[in-house]
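Below is one structure, written out as structure tokens; the observations come after it.
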Amino acid sequence: MHLLTAMANPVSSFLRKLKYGDDVIVVSGLPRSGTSMMMKMLDAAALSIMTDNERAADEDNPKGYFEYARVKDLKDEADKSWVREARGQVLKVISHLLETLPDENFYRVILMRRDFDEIIASQNKMLERRGEENQVADSTVKEAYIRHLVDIRYMVRRRPNFEMIEVQF
Numbered sequence: 336m337h338l339l340t341a342m343a344n345p346v347s348s349f350l351r352k353l354k355y356g357d358d359v360i361v362v363s364g365l366p367r368s369g370t371s372m373m374m375k376m377l378d379a380a381a382l383s384i385m386t387d388n389e390r391a392a393d394e395d396n397p398k399g400y401f402e403y404a405r406v407k408d409l410k411d412e413a414d415k416s417w418v419r420e421a422r423g424q425v426l427k428v429i430s431h432l433l434e435t436l437p438d439e440n441f442y443r444v445i446l447m448r449r450d451f452d453e454i455i456a457s458q459n460k461m462l463e464r465r466g467e468e469n470q471v472a473d474s475t476v477k478e479a480y481i482r483h484l485v486d487i488r489y490m491v492r493r494r495p496n497f498e499m500i501e502v503q504f
């Protein structure tokens, strides 16, 4: 029985590659959850990172953001064929945009997890540095984040072209 299972994995991997091409590795998570840190680690491991270097490092992220600007338009863009260019590479996509990724690719998602209170504290600190005010109560933000992660897990389970691991930061 174990031999059949072991043989099925290479076959399914081969069939998946025929259908989708190389996998797109997606680093995702809530803002301030460690996505840039994971991108830095994967870059250091010599994985090919899809970035345009448009957003420079700053006080909030001194080692850089590793972003690709077109990702921000995924929700509104009708033609998402450009995502094919990320096959065989690592692409950073905030968790709120995961569901907008087109079905024509296979995605291996690394979902960064961080304590919600730490995320909120980091976001508040960033807003303070920018001279902006937090408009929403921390408890409301925390509840929304918890619901959002439940939604993400559900979305990944129902889409056959997604696999996900969660990494605690």
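For the sequence shown, this note's numbering gives the first residue as 336, with consecutive numbering after it. Here a beta-carbon is modelled for each residue, glycine too, at the ideal position from N, C-alpha and C.
State yes or no: is the C-beta of L433 within less than 8 angstroms of the C-beta of V444?
In the sequence shown, residue 433 corresponds to position 98, counting from 1. In the sequence shown, residue 444 corresponds to position 109, counting from 1. Yes, the Cβ-Cβ distance between L433 and V444 is below 8 angstroms.
Do you know offhand how far A381's Cα is from A391's?
The count along the sequence shown starts at 1 and reaches residue 381 at position 46. The count along the sequence shown starts at 1 and reaches residue 391 at position 56. Each residue's alpha carbon lies about 20 angstroms from the other.
Which whole runs of the beta strand (DSSP E) in the stretch 428–467 are 3 residues long or more, in chain order?
Runs of the beta strand (DSSP E) inside the stretch 428–467: 442–448.
For K427, does the count of other Cβ atoms within 10 angstroms reach 16, so buried, or fall short, so exposed?
Position 92 of the sequence shown, counting from 1, holds the residue named residue 427. Burial call: buried.
Looking only at C-alpha atoms, which of E501, S347, K398 sits nearest to M372?
Start at 1 with the first residue of the sequence shown, and residue 372 comes out as number 37. For the residues E501, S347, K398, the minimum Cα distance to M372 belongs to K398.
Using the Cα positions of I384 and D408, report the straight-line distance between them to the nearest angstrom.
Position 49 of the sequence shown, counted from the start, is the residue given in the question as residue 384. Position 73 of the sequence shown, counted from the start, is the residue given in the question as residue 408. Those two C-alpha atoms are separated by around 19 angstroms.
Apart from the five residues just before and just after F451, which ones in its own chain have a Cβ nearer than 6 angstroms to its Cβ?
Start at 1 with the first residue of the sequence shown, and residue 451 comes out as number 116. K477, Y480, listed in sequence order.
Taking the CB atoms as reference points, tell me whether N469 and Y355 lie closer together than 8 angstroms.
Start at 1 with the first residue of the sequence shown, and residue 469 comes out as number 134. Start at 1 with the first residue of the sequence shown, and residue 355 comes out as number 20. Taking 8 angstroms as the Cβ cut-off, N469 and Y355 do not qualify as a contacting pair.
Does the beta-carbon of G369 have 16 or more other beta-carbons within 10 angstroms, so that it is buried, or is it exposed?
Taking the first residue of the sequence shown as position 1, residue 369 is located at position 34. When all chains shown are included, G369 counts as buried.
Would a C-beta distance cut-off of 8 angstroms place S430 and R367 closer than the cut-off?
One-based indexing of the sequence shown puts residue 430 at position 95. One-based indexing of the sequence shown puts residue 367 at position 32. Taking 8 angstroms as the Cβ cut-off, S430 and R367 do not qualify as a contacting pair.
Report the three-state DSSP secondary structure of F497 (helix, strand or coil).
For the purposes of this step, residue 497 is identified with residue 162 of the sequence shown, where counting begins at 1. Strand.
Give the C-beta separation of V502 and M447 to the nearest angstrom, bearing in mind that I take them to be a contact with Cβ-Cβ under 8 angstroms.
Indexing the sequence shown from 1 puts residue 502 at position 167. Indexing the sequence shown from 1 puts residue 447 at position 112. Indeed they touch by this definition, with Cβ atoms about 6 angstroms apart.
Among residues of its own chain, excluding the 5 on either side of L365, which ones have a beta-carbon nearer than 7 angstroms to its beta-carbon?
The residue given as residue 365 occupies position 30 in the sequence shown. Only S430, I454, Y480 meet the Cβ criterion.
Whose C-beta lies closer than 8 angstroms to the C-beta of W417 among residues of the same chain, with five residues either side of it excluded?
Translated into positions along the sequence shown, residue 417 becomes position 82. R405.
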